[in-house]
Ligand code: UDP
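Spelled out as structure tokens, the structure:
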């Protein structure tokens, strides 16, 4: 979060990309985009483009990680070196390790892991182009990819962020809003289960702003959820 005075982010009630405060960027979701993976999905949220690939349930290596009661879910979030203006140094760093962890925790509650004892389910998320909100786009993609892999799930997880720029609560921050705004709160939500599986926060909200941001983010995830279901239906219809 930068200082809000660095750059003017709201002009006449409109954001730098012309959106209203509670408007999402254009969202595109496609299920089944990779042949080799058991399940996959591609997600675009404005300038943020993510791809997710799921392998499994399959034999888990190394063997000492095997859990006799349930499948082990492993998640790997990665930003491609060419996904940002300044080349991103390839390989894991503190941020990607943290995002991989919170992504796993956001997805685990909706997967029937106990149905796949002694196996591993691997989820790979690759950010191809980054313009803010990459962790939430990755979670949205991973959830569709898991469903596409035919893994039994209680619900899908849809994710988006809300935040604050120029003292205004906004939905789905773009990169500049993320960089120069005052707060960013990514949320993952399973609508059918009515369960929030990720809530992080960078910056400050008043209690009232937090309530508005939560409402915006939950509304946003519900809209994304509909697009996730549509993508899965389209994939299914195509294969009939
Ligand atoms: N970013 C970047 N280089 C990096 C990491 C992040 O340019 O090495 C940018 C990128 O556009 C990203 C944004 O900073 O979307 C915000 O990153 P944050 O850690 O808040 O996670 P995100 O909002 O992507 O989930």
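Residue numbers (the working numbering): 508 to 747. Beta carbons are placed, not taken as given, at the ideal position from N, Cα and C, and that holds for glycine.
query = Which partner residues does residue 549 have in the DSSP bridge list?
reply = Paired residue(s): 537, 558.
query = Would you say residue 630 and residue 649 are within 9 Å of each other, going by their C-beta atoms?
reply = Contact: yes.
task = Verify the contact flag: residue 553, CB atom, against every heavy atom of the ligand UDP, threshold strictly below 8 Å.
result = False, no ligand heavy atom lies under 8 Å from that Cβ.
ask   = Excluding sequence positions up to five away, which residues of its chain have a Cβ less than 8 Å from the Cβ of residue 634?
value = 555, 556, 557, 584, 585, 586, 587, 590, 641, 644, 645, listed in sequence order.
message = Between residue 709 and the ligand UDP, is there a pair consisting of the residue's CB and a ligand heavy atom that are separated by less than 8 Å?
response = Because some heavy atom of the ligand UDP lies under 8 Å away, the Cβ of residue 709 counts as near it: yes.
ask   = Excluding the five sequence neighbours on either side, which residues of its own chain have a C-beta within less than 8 Å of the C-beta of residue 652, listed in chain order?
value = For residue 652, same chain residues with a beta-carbon under 8 Å away, outside a window of 5 residues either side, are 538, 544, 546, 547, 548, 559, 560, 561, 630 in chain order.
request  = Would you mind stating whether residue 708 and residue 697 have Cβ atoms separated by less than 9 Å?
outcome  = Cβ distance not < 9 Å, so residue 708 and residue 697 don't count as in contact.
task = Count the C-beta pairs between the segment 604-613 and the segment 513-532 that are closer than 8 Å, then say yes if the count reaches three, no if not.
result = Flag = no, the segment 604-613 and the segment 513-532 do not touch.
task = Taking only the alpha-carbon atoms, compute the straight-line gap between residue 675 and residue 688 and give it to the nearest angstrom.
result = For residue 675 and residue 688, the distance between alpha carbons rounds to 10 Å.
task = Give me the Cα-Cα distance between residue 725 and residue 600, rounded to the nearest whole angstrom.
result = Looking at the two C-alpha atoms, the distance is approximately 30 Å.
request  = From the DSSP output, in three-state form, read off residue 703 for me.
outcome  = Strand at residue 703.
message = I'd like the span of the beta strand (DSSP E) that includes residue 675, first residue to last.
response = Per DSSP, residue 675 belongs to the beta strand (DSSP E) from 675-678.
key: 8 Å contact criterion, which residue 667 and residue 572 should meet: CB distance rounded   = Under the criterion of beta carbons closer than 8 Å, residue 667 and residue 572 do not qualify as touching, at roughly 32 Å.
message = Are there any heavy atoms of the ligand UDP lying less than 8 Å away from the beta-carbon of residue 532, as far as the coordinates show?
response = No, the beta carbon of residue 532 sits no closer than 8 Å to any heavy atom of the ligand UDP.
query = So, helix, strand or coil for residue 511, using DSSP?
reply = The predicted model places residue 511 with a pLDDT of 48, which falls under 50 and marks its position as unreliable; any figure quoted below should be read in that light. In the three-state reduction of the DSSP assignment, residue 511 falls in the helix class.
ask   = Within 10 angstroms of its Cβ, does residue 533 collect 16 or more other Cβ (buried), or is it exposed?
value = Result: exposed.
Every unbroken alpha helix (DSSP H) inside the segment 555-637 [4 residues or more] = The qualifying runs are 601-614.
ask   = When the Cα of residue 731 is compared with those of 636, 620, 665, 716, which residue comes out closest?
value = The shortest CA-to-CA distance from residue 731 to any of 636, 620, 665, 716 is the one to 665.
ask   = Got a sec: does the ligand UDP put a non-hydrogen atom nearer than 8 Å to the Cβ of residue 593?
value = True, at least one ligand heavy atom lies under 8 Å from that Cβ.
query = Does the ligand UDP have even one heavy atom less than 8 Å from the beta-carbon of residue 586?
reply = Yes; taking the cut-off as 8 Å, the Cβ of residue 586 has a heavy atom of the ligand UDP nearer than that.
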